[in-house]
Amino acid sequence: MMKKLIVKYSLVAFTVFLTLPACIKDMEIDVPNTNREVVVACLFNPQDKWKLTLSKTKTLQENEDIFIDNARVEITTETGENITLSYTGEKGIYTSDHHPEMGKTYTLKVNIPGHMEITAESKVPGFVEVTVPDFEVKWVKYLYSNNLMDYDVFPLQVNFGETVQEARYLFRAYYFDPREGYKRYLLTMDSLEKLKKAGLPENAYRESVKLVDQWLVSQWTFEHILRDFVDEFNLKARLAHLIQQELKQKTVSTREYEAFGRSVCFGNDFWLNNVSYDVMTTIGEAENVTHAKLLYANANLKYSMEHNSSRDEEFWLEAIQASKDYVDYYRTYILQVSQRINPYSEPVMVHSNINNGTGIFAGFNRQMILLFTY
Numbered sequence: 039m040m041k042k043l044i045v046k047y048s049l050v051a052f053t054v055f056l057t058l059p060a061c062i063k064d065m066e067i068d069v070p071n072t073n074r075e076v077v078v079a080c081l082f083n084p085q086d087k088w089k090l091t092l093s094k095t096k097t098l099q100e101n102e103d104i105f106i107d108n109a110r111v112e113i114t115t116e117t118g119e120n121i122t123l124s125y126t127g128e129k130g131i132y133t134s135d136h137h138p139e140m141g142k143t144y145t146l147k148v149n150i151p152g153h154m155e156i157t158a159e160s161k162v163p164g165f166v167e168v169t170v171p172d173f174e175v176k177w178v179k180y181l182y183s184n185n186l187m188d189y190d191v192f193p194l195q196v197n198f199g200e201t202v203q204e205a206r207y208l209f210r211a212y213y214f215d216p217r218e219g220y221k222r223y224l225l226t227m228d229s230l231e232k233l234k235k236a237g238l239p240e241n242a243y244r245e246s247v248k249l250v251d252q253w254l255v256s257q258w259t260f261e262h263i264l265r266d267f268v269d270e271f272n273l274k275a276r277l278a279h280l281i282q283q284e285l286k287q288k289t290v291s292t293r294e295y296e297a298f299g300r301s302v303c304f305g306n307d308f309w310l311n312n313v314s315y316d317v318m319t320t321i322g323e324a325e326n327v328t329h330a331k332l333l334y335a336n337a338n339l340k341y342s343m344e345h346n347s348s349r350d351e352e353f354w355l356e357a358i359q360a361s362k363d364y365v366d367y368y369r370t371y372i373l374q375v376s377q378r379i380n381p382y383s384e385p386v387m388v389h390s391n392i393n394n395g396t397g398i399f400a401g402f403n404r405q406m407i408l409l410f411t412y
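Under my numbering, the first residue of the sequence shown is numbered 39, with each subsequent residue one higher.
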């Protein structure tokens, strides 16, 4: 009898729900006008020449970046040397032929008409060469608690060769395919116009314009745009075929950093951790450490090893020794991006060390270590 009553009540409740009138209303929310801030982006290391990007903050409704092309950008060393960065003519990028030097403190000054002087300070930390001792690839299962997913990983250790009193490191796993890693691809403006006549949507066209007449690492860059902006399957397939016909190709002789593919890396030591859902970057800060234990993952590599099928690919580890500003910036940046999928999370402010603006000016040292080829 009780069971019947419960069922009857549920049916009545469901009927009442269906008869309720719709209560959805549009609400107008006044978004206050805020002044745009200048955004400085400059992460520097001794291997690359000085490069800095200036832009302005934008609203949620704006898609296009707002770059700054009329600034005076100067960097001064602690010994009084003055380095001027010149505007390249595109995308707010300012460069110099000089390289940052290890151990030197640099002061940034940016002057823009009608804006207070922007300043920041940082340095490239001292370099400690890391090594990876001989190891055997032994696959084990690792459950990453932040996303509750299993990964096939193998452990390895990084030795610092000395006791690092103030260790601030980021570790990332990479692979390099010699068959593809030396190729570069270019789509001309004329070719893009052909795509537009063939039915390329306007929003996809605007995204592609940003990339034309540039030698890019991946031939799939433009097809990713099709995936994001073209819904109709046959049109997408037709445009992808046309892109492959129109792409120009050349081969370079260097392993450029952008040509490396990302793998998965986890911390396996008390002072290392991965932030939120990120499985690519392991970050750690500690005092008086001599080594770092990591877990390296690459699903294609595991499959190939299980089937005795050589891929002839190189597998690398990147070790970044960073300034505190660099570590704080990346930790909060990863956390902010991860929190976007959670509507109930509080906003995360990305770390900035820019006075009278926002952004980051921070030094680091990078070392790429070849683990093996398989």
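Ideal Cβ placement from N, Cα and C applies to all residues, glycine included.
Presumed contact (8 Å Cβ cut-off) between residue i and residue j, rounded CB distance
{"i": "LEU81", "j": "GLY130", "result": "No, LEU81 and GLY130 are not in contact; Cβ-Cβ is about 15 Å, not under 8 Å."}
{"i": "VAL162", "j": "GLU139", "result": "7 Å"}
{"i": "VAL247", "j": "LEU225", "result": "Not a contact, Cβ separation roughly 10 Å."}
{"i": "GLU352", "j": "LEU408", "result": "6 Å"}
{"i": "ALA357", "j": "VAL168", "result": "5 Å"}
{"i": "ASN403", "j": "ALA158", "result": "Not quite, the Cβ-Cβ distance comes to about 19 Å (not below 8 Å), so this is no contact."}
{"i": "SER376", "j": "ASP316", "result": "7 Å"}
{"i": "GLY395", "j": "GLU75", "result": "6 Å"}
{"i": "TRP88", "j": "LYS340", "result": "With 8 Å as the limit, TRP88 and LYS340 do not qualify as a contact, their Cβ atoms being about 41 Å apart."}
{"i": "LEU146", "j": "THR133", "result": "LEU146 to THR133, Cβ: 14 Å. No contact."}
{"i": "GLU257", "j": "TYR223", "result": "Looking at the sequence provided, one finds Gln at residue 257 rather than Glu. With a Cβ gap of about 4 Å, GLN257 and TYR223 count as contacting."}
For residue i, the residue or residues it bridges with in DSSP
{"i": "MET187", "result": "TYR182"}
{"i": "ALA158", "result": "LEU146"}
{"i": "TYR132", "result": "LEU90 and TYR125"}
{"i": "ASN120", "result": "THR114"}
{"i": "ASN393", "result": "THR157"}
{"i": "MET140", "result": "VAL162"}
{"i": "LEU254", "result": "TYR223"}
Opening and closing residue of the alpha helix (DSSP H) in which residue i lies
{"i": "LEU264", "result": "259-267"}
{"i": "TYR417", "result": "Nothing in the structure corresponds to residue 417, since the chain is present only between 39 and 412."}
Continuous beta strand (DSSP E) stretch holding residue i: start and end
{"i": "LEU408", "result": "396-411"}
{"i": "ILE106", "result": "Careful: ILE106 lies outside any beta strand (DSSP E) and carries neither H nor E."}
{"i": "VAL77", "result": "76-82"}
Residue ranges of each alpha helix (DSSP H) run of no fewer than 4 residues wholly in the stretch 285-370, ordered along the chain?
Segments of the alpha helix (DSSP H) lying fully in the stretch 285-370: 337-344.
Across the stretch 360-371 and the stretch 164-184, are there enough close Cβ pairs to call them in contact, namely three or more that are closer than 8 Å?
Of all C-beta pairs linking the stretch 360-371 to the stretch 164-184, fewer than three are shorter than 8 Å, placing the two stretches out of contact.
With three or more C-beta pairs closer than 8 Å as the rule, is the stretch 316-335 touching the stretch 269-289?
The stretch 269-289 is not in contact with the stretch 316-335.
Length at least 3, wholly inside the stretch 160-229: the beta strand (DSSP E) runs in chain order:
DSSP runs (the beta strand (DSSP E)) wholly in the stretch 160-229: 178-182, 187-214 and 221-224.
How about the stretch 229-236 and the stretch 304-315: do they share at least three Cβ pairs that are nearer than 8 Å?
Judged by Cβ distances under 8 Å, the stretch 229-236 makes no contact with the stretch 304-315, as fewer than three pairs qualify.
Hey, is the stretch 198-218 in contact with the stretch 287-301, meaning 3+ C-beta pairs nearer than 8 Å?
Note that the stretch 198-218 touches the stretch 287-301; at least 3 beta-carbon pairs, one per stretch, sit closer than 8 Å.
When the Cβ atoms of the stretch 323-337 are set against those of the stretch 382-396, are three or more pairs found closer than 8 Å?
These segments do not touch.
Can we say the stretch 182-195 touches the stretch 112-120, given the rule of at least three CB pairs closer than 8 Å?
Segment contact: the stretch 182-195 against the stretch 112-120, fewer than three CB-CB distances shorter than 8 Å; contact not assigned.
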